[in-house]
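Residue numbering for the sequence shown follows the numbering used here, starting at 465 and increasing by one per position. Report on the structure given below.
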Amino acid sequence: MTTNHAIQAVLAEDGIHLHTHQLRSKKGFTVILRHLHHSTSREWLETKLNQLGFMTLSGRLMKHRFTGNHLNLFEIELDPQVNGSHEGTLNLKELNSQAVAVKRHAKPRDPTQCHRHRFGSKTLIQI
Numbered sequence: 465m466t467t468n469h470a471i472q473a474v475l476a477e478d479g480i481h482l483h484t485h486q487l488r489s490k491k492g493f494t495v496i497l498r499h500l501h502h503s504t505s506r507e508w509l510e511t512k513l514n515q516l517g518f519m520t521l522s523g524r525l526m527k528h529r530f531t532g533n534h535l536n537l538f539e540i541e542l543d544p545q546v547n548g549s550h551e552g553t554l555n556l557k558e559l560n561s562q563a564v565a566v567k568r569h570a571k572p573r574d575p576t577q578c579h580r581h582r583f584g585s586k587t588l589i590q591i
């Protein structure tokens with residue numbers, strides 16, 4: 465882990481933002497925000513959540529996995545608070561007079577598989 469911390473320190477010092485391993489204790493509370501139009505600005509959304517007292521770490525507009533079309537879903541990562549106030553986002557029903565639904569981000573239940581075997585293809589060995 466010391467190597468990981470050293471790499472992150474060098475990247476932060478140089479101002480380079482790359483994905484690196486994140487400790488479980490440093491991970492945020494991820495929620496999915498539904499029913500906002502995909503043209504809604506991510507910055508506007510983060511500002512509104514910050515005004516409500518929820519500290520956002522990051523946010524992104526979700527896209528359809530096959531077509532790449534924009535969905536009316538936003539993935540928001542919140543800074544977890546010791547008092548558990550970050551879980552209050554799950555109770556949000558409206559944001560700036562727009563009806564929204566907030567759900568906890570669900571992790572996939574299936575084990576990770578390679579692309580080829582994900583869809584049930586079987587490898588045939590020809591002799």
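Glycine included, each C-beta is placed from N, C-alpha and C at the ideal position.
Scanning the segment 465-514 from its first residue to its last, the whole beta strand (DSSP E) runs of 3-plus residues come out as 493-498.
In this structure the segment 529-541 lies against the segment 494-514, because at least three pairs of beta carbons, one per stretch, are closer than 8 Å. For MET519, no beta strand (DSSP E) run applies, since DSSP gives it neither H nor E.
Assignment of HIS550 by DSSP, reduced to helix, strand and coil, places it in the helix class. ASN560 carries a coil assignment under DSSP once its states are collapsed to helix, strand and coil. Leaving aside the five residues that flank ALA565 on each side, the residues in its chain whose CB is nearer than 6 Å to its CB run, in chain order, ARG498 and HIS499. Closest in alpha carbon position to VAL546, among LEU475, ARG524, PHE518 and SER561, is PHE518.
Note that the C-beta distance between LEU554 and VAL474 is not below 8 Å. Between GLY552 and LEU521 the beta-carbon gap is near 16 Å, outside 8 Å, which marks them as no contact. Close CB contacts of LEU516 within its chain, under the 7 Å cut and outside five residues either way in sequence, are absent. It is roughly 36 Å from the alpha-carbon of LEU559 to the alpha-carbon of GLU477.
Taking a C-beta distance under 8 Å as the contact criterion, GLY523 and ARG506 qualify as a contact pair.
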